[in-house]
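Heads up, the thing below is written out as structure tokens.
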Ligand SMILES: [Zn+2]
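Residue numbers (UniProt numbering), protein chains in the order written: chain A, 1 to 992; chain B, 1 to 107; chain C, 1 to 183.
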């Protein structure tokens, strides 16, 4: 059984017990425990089930590489699945449950998949998809849905908050082991601005566990001194619990700081995502121990040798009473020695190497531990817990020589450098045959903006594994030359072992797990190779090797070695899969940061927004603006509200918040010339005090924006744009002024938000303004398409006589700070004239009744003004304007183009949105031909019938024709082509 | 994520502060120009693996357009310069030639 | 003046830093090239500040003159003083190509104060504060919107567009919460 020892544990505080629950069971650990350590201390070796076969799974590792021990953490708003127990700090009150089982962890029905394993081979999903669809839908999918999945999806809103922050440094060092600390000391002393981060809650990494001595003192003391020295340096910033998730172009690094995972609800942000810009990155990310592939290597109780040592030394936890050690290198002997010295049984060390020399084996032998050279595990026996191992010769096929009772197995297959940050941005790797791992090639680093090396590795991440080499390498990485000296035993060379025993039979290979979480075995990779998968990337996807939440930290190298062997190719030729961020999963909350709830996105509000809210406005998005769509009264539907607002505007007077309309000042000696290039018609000859409607096109000639231009003075114009178009058109103007006509003397200023602009629309509009008083708004003083400055009701206003409704209409601009007060004044003054506010939908109906086009409805980026019968707004005299050359293209002059018409049903009903007009025959792709479509369609409360505009082949030449249209549901209706101006064709109402 | 120094305000702006504007040094062809010239101006964009000249606007900054020379493969930046020029400045061309001897020139 | 309302009516928030919306302030966007004759004199006449050099902001009492781009300056004067200031600029720059326009109502202005005020901005703008000199005006973004800020009176003044004042106040409030100090 696994248990807590009476003594030791360098990271735990026995005076601070912490109570927690696992599957409802009340358990106790100590402050400083990881959840995994606390579970093991309570003999909870079985912690989950695998993804496919639902095999029992125990804790394998002690850090970020753990594939098995994932749990559902917390409750309610703090529930989160897939939390790695090996990296979760224990806190008092923690609750967690195991995952991937039904109905219970101990008895799981999905384990039946285990017995059906030969029916769920590699490529199961691919093969299933190829089979008849019915088999997937009715047989496989229901089974998989019932049993699959990692954890549960949270149901409640996240109770925590998250934030992001920007940081800048000369040098970012990731990893707080002795390599990272030494690199930071070196760079810090050199005066560089250094950030040092460590993903766990402790500095020092493995060295203190391994009993390394540095400069004659134990690593523990050296680490403590180093941390103190670094904390005293003002130019060094240090962060624990901070995981560098990915490195990106030009030194950009994302790092996830787990601020309050271990203190939930203390008021701090749970995570903080650091967005760091580093001049250079030192990856001191260490190395990860590899499992060995022997039959039964997934049975709970089988653990990485170094992890077992971590539990013993850091947390005083013994995962087993009798531990068999199996290895291909000297490092695992440290575990055997540590176990023995803690008073635990190590019945045998199985070393796959034929000859075993070196200091550590000698020490093990001296302690009386039996060491068997050239031996291997034929099979681990046990169900939910290891009970024994069968021993065989590594050289053979697995004939059992002896069976040894034990309750734990410590395995070591060698070490692989953690090269993720090196590889994310394109750093290349070399295969190191002596240590059987991929290590960074310093000659081919990822590059920075100036062509220099963006990432340098330090310590074990470089592929050097002995403490002395680690410190020398780290010192050099940071530009130093004097490294501390570390002493330790001489280690003999490791020998690669990819399958144990090397000639294992198929029944053994079917029980050798490569990927514990996704249930990928040696036999699966070999099958993929036989089926023709020679690329490692394809094999990964076919077998799902390395595709689980641990991203193959333990499995990838073993898997590709098996693949290379099956293909009889050298390992470097097979290559690795691509390393992609994040290094370990980052919660969505951290990625979203502050962008949540009210500040998910910037919602733009006019100065009158609060009034709209107070008057029950139903809002619609227009770009990032929120505009009132209509103002429903009690008992009214939105449709009824729109109809009331339209009728009232036509008969009395309506009030519209038009503040969102774009307003751009264009000024300078060349402003007229510039606007003549920008608009399709002439603006330079517009009289001062006058307004003119204008169109803007892209260089291809397609209509991009429209609006009314007012001439303010001799060299100043004010251009109105659409509500969504202000920023885009301002940028468009600046683009041409800066990049094409930079010698023209023109300045622009986007003054959209300087003004609240309010439209007073309808037959009583003038009466309302006269009631406010102060300004002559008569037809004579302020005729249609003119503007005037003045004072109205005590406000500084600019009044424009322009109309987007066909009614008598004034658009009045006041400084935004006075917008709300002016609106209130209008509401008061308008009461006796039947004034009501109207929203954007009413605006649309009013303009559609008049046949006015709307950018984005009648245009879609492929429509030229001529298509919309707006040829009158295109100057024939001008030699050039933006879009003129584009419009000269022959296909845009074709009589076959779809042009604007009005559309009416024969029965007065409303044509549904999205209706199209089919035409006889099919096109080259066999699709039905079309001859037109609806662009705007509404019920007109003024005319009491449906009205629509659309683009139809032949356009107005077909007025009077009846054509068939098809609704989105495929049904048809008869539609008559009519003039698009439905109301007040002569335009008498607006010009009074 | 790129960093480019705005030549107008000297800020080393990150990509989120910038707006991209496509290929630099295009020559505009207006009314009456031959179809081939207009087509090239409108549609024929270079897509090199290597040295490239681009338009960027310091959108969340001074608002000015500038031009950048960079390698699309390694993201090495050779320099940025004001947009009011019809061809890359000599010092940037010299820098590129030194670092990419087999570069064929910007045209 | 009672009908004049700033975007948020002087909203405040106290966390580890203190945030408040101020204003309305008089603001003029002045576009002119620095070599325009009389430009420096005009800016000084209006604000009492010298013409700011690249990326600099000059302060004089409550008045501000900031460099926004090679041909754009931000002038801050009392709200009621804009009309007179525009008249002065028009007079001093008569005949010279320039554009001076009132943008007082197009903006919202915030003050962020306290020892750790900079940390609030470090969460919102991709700006290296170690390289930000006193007297420097930085245009950047605050999360998803454009913003400009500079050090003033021991804290920071931040300017953004009026329509997103509520959003920016939300950002500042989120970032200034007690317990969320960065260092
Ligand atoms: Zn700039």
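We treat Cβ as the ideally placed atom computed from N, Cα and C, and that holds for glycine.
{"Item": "Under 8 Å from the C-beta of residue 885 (chain A): neighbouring residues of chain B", "Value": "29, 30, 31, 32, 33, 38"}
{"Item": "Neighbour-count burial assignment, residue 30 (chain A), 16 or more Cβ in a 10 Å radius", "Value": "buried"}
{"Item": "Within chain B, partners of residue 879 (chain A) - CB distance below 9 Å", "Value": "30, 31, 32"}
{"Item": "Interface residues of the segment 87–103 of chain B facing chain A [CB-CB below 9 Å]", "Value": "99"}
{"Item": "Chain B within 7 Å of residue 739 (chain A), Cβ atoms only", "Value": "yes"}
{"Item": "Neighbourhood of residue 324 (chain A) by C-beta, 7 Å cutoff - its chain only, sequence neighbours within 5 removed", "Value": "347, 348, 350, 389, 404, 406, 409"}
{"Item": "Chain B contact for residue 772 (chain A) (CB, 7 Å cutoff)", "Value": "no"}
{"Item": "Cβ-based burial, residue 993 (chain A) [other Cβ within 10 Å; buried from 16]", "Value": "The structure shown does not extend to residue 993 (chain A), since chain A is modelled only from 1 to 992, so the question has no answer here."}
{"Item": "Inter-stretch contact (C-beta, 8 Å, three-pair minimum) for the segment 738–751 of chain A and the segment 665–682 of chain A", "Value": "yes"}
{"Item": "Start-end ranges of the beta strand (DSSP E) lying completely within the segment 635–722 of chain A, minimum 3 residues", "Value": "653–657, 662–667, 691–697, 703–713, 716–721"}
{"Item": "Rounded Cβ spacing between residue 223 (chain A) and residue 178 (chain A) (contact assumed at less than 8 Å)", "Value": "7 Å"}
{"Item": "Sheet register partners of residue 953 (chain A) (DSSP bridge)", "Value": "A:898"}
{"Item": "Beta-carbon separation (whole angstroms), residue 161 (chain A) vs residue 81 (chain A), contact threshold 8 Å", "Value": "With 8 Å as the limit, residue 161 (chain A) and residue 81 (chain A) do not qualify as a contact, their Cβ atoms being about 20 Å apart."}
{"Item": "beta-carbon residue 311 (chain A) near ligand 1 non-hydrogen atom, thresh 6 Å", "Value": "no"}
{"Item": "Counterpart residues of residue 947 (chain A) in DSSP-defined beta bridges", "Value": "A:938"}
{"Item": "Contact belief for residue 709 (chain A) with residue 655 (chain A) at Cβ below 8 Å, rounded distance in angstroms", "Value": "Not a contact, Cβ separation roughly 24 Å."}
{"Item": "Closer than 5 Å to ligand 1: residues, by C-beta to nearest heavy atom, in chain order", "Value": "B:6, B:8, B:9, B:58, B:61, B:62"}
{"Item": "8 Å Cβ cut-off: residues of chain B touching residue 277 (chain A)", "Value": "3, 14"}
{"Item": "C-alpha gap between residue 235 (chain A) and residue 157 (chain A), whole angstroms", "Value": "40 Å"}
{"Item": "Where residue 989 (chain A) sits in the DSSP three-state scheme", "Value": "coil"}
{"Item": "Within 7 Å, strictly: CB atoms of residue 332 (chain A) and residue 423 (chain A)", "Value": "no"}
{"Item": "Rounded separation between residue 1006 (chain A) and residue 706 (chain A) - CA only", "Value": "Lying before the first or after the last residue shown, residue 1006 (chain A) is absent from chain A, which here runs from 1 to 992."}
{"Item": "DSSP-derived helix/strand/coil call for residue 308 (chain A)", "Value": "helix"}
{"Item": "Residues of its chain near residue 1 (chain C), where Cβ-Cβ distance is below 7 Å and the 5 sequence neighbours each way are ignored", "Value": "Confidence at residue 1 (chain C) is low in this model, with a pLDDT of 42, below 50, so its placement is unreliable and no value can be given for it."}
{"Item": "Test item: CB-CB of residue 851 (chain A) and residue 981 (chain A) under 7 Å", "Value": "yes"}
{"Item": "Where residue 101 (chain C) falls: helix, strand or coil (DSSP)", "Value": "strand"}
{"Item": "Cutoff 7 Å: residue 747 (chain A) Cβ touching any chain B Cβ", "Value": "no"}
{"Item": "Proximity below 7 Å, CB of residue 186 (chain A) to CB of residue 475 (chain A)", "Value": "yes"}
{"Item": "Whole beta strand (DSSP E) elements within the segment 738–819 of chain A, 3-residue minimum", "Value": "747–750, 755–761, 787–792, 795–800, 809–815"}
{"Item": "Any 3 or more C-beta pairs closer than 8 Å across the segment 595–611 of chain A and the segment 167–174 of chain C", "Value": "yes"}
{"Item": "Those runs of the beta strand (DSSP E) which lie wholly inside the segment 410–440 of chain A and span at least 3 residues", "Value": "415–417, 429–432, 437–440"}
{"Item": "Cα-Cα separation, residue 391 (chain A) to residue 376 (chain A)", "Value": "6 Å"}
{"Item": "Run of the beta strand (DSSP E) containing residue 19 (chain A), from where it starts to where it stops", "Value": "13–22"}
{"Item": "Backbone CA spacing between residue 293 (chain A) and residue 571 (chain A) [nearest angstrom]", "Value": "17 Å"}
{"Item": "Cβ separation of residue 819 (chain A) and residue 756 (chain A), assumed to be a contact under 8 Å, to the nearest whole Å", "Value": "2 Å"}
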